[in-house]
Every structure is written in C-alpha cells, then in structure tokens.
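What follows is a set of notes on a single structure, which appears directly below.
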Amino acid sequence: MIAKYGRILTGISAVTLLSLGVSGCSSEKQGVAEPGPSPSVSSSEKTIPSSVVPVSASIDPCELISAADLADIGKFESEYREGGAARSCYWGHSFENGGDGFGFGVSVRDAQTIESVNDNGGGLQSADINQRPAVSTEDPNSGDCTFAMKIDDLSRVDVTVTGEDGCEIAEVIAGMVEPRLPDIP
Numbered sequence: 001m002i003a004k005y006g007r008i009l010t011g012i013s014a015v016t017l018l019s020l021g022v023s024g025c026s027s028e029k030q031g032v033a034e035p036g037p038s039p040s041v042s043s044s045e046k047t048i049p050s051s052v053v054p055v056s057a058s059i060d061p062c063e064l065i066s067a068a069d070l071a072d073i074g075k076f077e078s079e080y081r082e083g084g085a086a087r088s089c090y091w092g093h094s095f096e097n098g099g100d101g102f103g104f105g106v107s108v109r110d111a112q113t114i115e116s117v118n119d120n121g122g123g124l125q126s127a128d129i130n131q132r133p134a135v136s137t138e139d140p141n142s143g144d145c146t147f148a149m150k151i152d153d154l155s156r157v158d159v160t161v162t163g164e165d166g167c168e169i170a171e172v173i174a175g176m177v178e179p180r181l182p183d184i185p
C-alpha cells in the first residue's frame with residue numbers, strides 16, 4: 001500500500017494533499033498547526049542500561065525528511081524540539097506566509113518501542129513501511145494518526161499527522177522517512 005501512496009504523492013497536487021490535512025484547521029489562528037503532545041506515547045518507558053546506547057541516539061529527526069522531499073507539495077518550515085521522551089521535528093506551512101497551516105511531526109523515541117505505542121482510540125494496526133515493522137494508531141474523532149516504525153529493540157521513530165485522513169498522509173511521509181533509518185540490527 002505504501003508503494004501506491006508513494007507513487008501517488010508525486011502526482012498529487014499541493015492543493016489536493018493539503019486539503020486532506022487542512023480540513024480541521026481554522027484560518028482564525030495565526031501560526032503553524034502542529035501535532036499536540038502525542039497520546040501515542042506510552043506512560044511506561046523501558047529503562048536503558050547506561051552501557052547500552054540505542055541505535056536511535058545518533059538520529060536527528062530533522063534530517064529524516066528534507067524540504068526537497070516536500071517541494072512537490074509546497075514550502076515547509078521545520079522546527080526542532082525536545083520533550084515527551086522524544087526528539088522531534090515539526091514541519092508546517094505557516095499561515096503568515098500564505099500557507100494553510102498543515103503540519104506533521106517526526107519524533108525519535110530512544111526508549112520506546114513499537115510495542116509500547118498507545119491506542120489513540122481506533123486500535124493498533126500492525127503495518128510494514130518498506131518492509132520495516134511498524135504500528136499505526138488513529139484517533140477516530142479527529143483523524144489524527146501516528147505511524148511508529150521500529151529502529152531497534154529499544155527505540156522507534158513516529159510520524160504524526162493531525163486532521164482528517166491523517167493515516168493516509170502519515171503512511172506516505174513514513175515511506176519517505178524509512179529509507180533514511182539505519183538497518184534494524
């Protein structure tokens with residue numbers, strides 16, 4: 001299925017893709033729409049022995065996707081943040097520069113696995129992104145969706161898209177991110 005969306009993404013116009021992600025946005029508030037604190041974060045983290053460094057420790061979430069990757073659908077700005085047991089990069093169209101506010105996040109979780117993803121209300125679905133083990137979860141009310149991909153036995157990377165049709169868009173973005181992840185040990 002990701003191959004289908006990967007091919008489709010290059011043919012989708014910016015207006016079409018962005019209308020999927022914008023349907024829940026309001027033009028009344030200025031700035032960039034960003035995924036809120038991820039409810040897909042497990043309340044229990046694995047304790048990593050100090051002698052074990054997860055493969056994910058060297059991954060910069062802002063380098064997992066580039067502005068060039070997104071050029072066909074518009075100009076995005078990125079912002080790096082840390083918190084919530086993750087290093088995250090938020091990508092968005094700014095309302096201030098004529099954008100529509102669509103945004104998504106890519107988060108590296110050094111001490112959380114795909115087995116620790118919380119159900120956002122729509123269940124947990126096993127998936128493969130380019131043959132990499134993954135789990136997706138969707139909020140049935142908002143359409144917000146997270147695809148969590150395995151990095152190793154200790155860590156994962158999440159792609160979170162807010163708004164209607166979030167899982168379709170998150171799966172396409174996860175397909176762009178996955179080739180930049182290290183091989184699973």
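Numbering of the sequence shown is given in the UniProt record's numbering, commencing with residue 1 and proceeding in unit increments. Backbone N, C-alpha and C fix where the C-beta goes; we use that ideal spot for every residue, glycine too. If you're wondering where the values come from, they're calculated on a predicted model, not measured in any experiment.
For residue i, which residues of its own chain have a beta-carbon under 7 Å away from its beta-carbon, when the five flanking residues on both sides are left out?
i: Ser23; result: Note that Ser23 has pLDDT 39, beneath the 50 cutoff, so the model's placement of it is unreliable and the number below is only indicative. Excluding sequence neighbours, Ser23 sits near Gly163, Glu164.
i: Asp183; result: none
i: Val177; result: Leu64, Ile65, Val106, Val157, Val159
i: Pro133; result: Ile114, Lys150
i: Pro185; result: Val55, Asp152
Under DSSP, the alpha helix (DSSP H) around residue i begins and ends at which residues?
i: Asp119; result: Here Asp119 belongs to no alpha helix (DSSP H), and DSSP marks it neither H nor E.
i: residue 186; result: This structure does not reach residue 186, given that the chain is present from 1 up to 185, and the question cannot be answered.
Comparing alpha-carbon positions, which option in the options lies nearest residue i?
i: Asp158; options: Ile59, Ala57, Arg109, Glu77; result: Arg109
i: Gly123; options: Asp69, Pro133, Glu138; result: Glu138
i: Ser107; options: Ser116, Arg180, Tyr90; result: Tyr90
i: Glu115; options: Pro140, Asn130, Arg156; result: Arg156
i: Pro161; options: Pro54, Pro179, Ala57, Asn120; result: Checking the displayed sequence, the identity of residue 161 turns out to be Val instead of Pro. Checking every option, the nearest Cα to that of Val161 belongs to Asn120.
i: Tyr80; options: Val52, Pro140, Glu178, Ile59; result: Ile59
i: Ser142; options: Val117, Asp69, Val52, Gly166; result: Gly166
i: Ile73; options: His93, Gln112, Val52, Phe147; result: His93
i: Pro61; options: Ala68, Glu77, Ser88, Leu70; result: Ser88
i: Val117; options: Phe147, Asp128, Ala71; result: Phe147
Using C-beta distances below 8 Å, list every residue in its chain close to residue i, excluding the 5 sequence neighbours before and after it, in chain order.
i: Tyr5; result: Here the model assigns Tyr5 a pLDDT of 36, short of 50, so the residue's position is not dependable and the matter cannot be decided.
i: Thr113; result: Lys46, Lys150, Asp153, Leu154, Ser155, Arg156
i: Phe104; result: Gly21, Pro35, Tyr90, Trp91, Gly92, Val159, Thr160, Val161, Thr162, Ile169, Ala170, Ile173
i: Ser56; result: Val108, Arg109, Asp110, Ile151, Asp152, Leu154, Ser155, Arg156, Val157
i: Asn130; result: Ile2, Gly175, Glu178, Pro179
i: Ala67; result: Lys75, Phe76, Ser78
So residue i is in the beta strand (DSSP E); what residue range does that whole segment cover?
i: Asp69; result: Counting along the chain, Asp69 falls outside any beta strand (DSSP E), though it belongs to the alpha helix (DSSP H) covering 67 to 70.
i: Ser88; result: 86 to 92
i: Val135; result: 132 to 138
i: Ser107; result: 103 to 109
i: Gly83; result: 77 to 83
i: Arg180; result: It is not in any beta strand (DSSP E) - Arg180 carries neither H nor E in the DSSP assignment.
i: Val159; result: 156 to 161
i: Cys62; result: Note, Cys62: premise wrong, no beta strand (DSSP E); not H, not E.
i: Ala57; result: Looking at the DSSP string, Ala57 is not in any beta strand (DSSP E), and its letter there is neither H nor E.
Under 7 Å from any heavy atom of the ligand ZN, does the C-beta of residue i make it?
i: Arg132; result: Questions concerning the ligand ZN fall outside what the structure shown contains, since it holds no ligand whatsoever.
In chain order, what residues of the same chain lie with their CB nearer than 6 Å to the CB of residue i, ignoring the 5 residues before and after it?
i: Arg180; result: Leu64
i: Ser78; result: Cys62, Cys89, Trp91
i: Gln125; result: Ser136
* To do: May I ask you to verify whether the segment 72 to 89 touches the segment 144 to 156, counting CB pairs closer than 8 Å and requiring at least 3?
  => no
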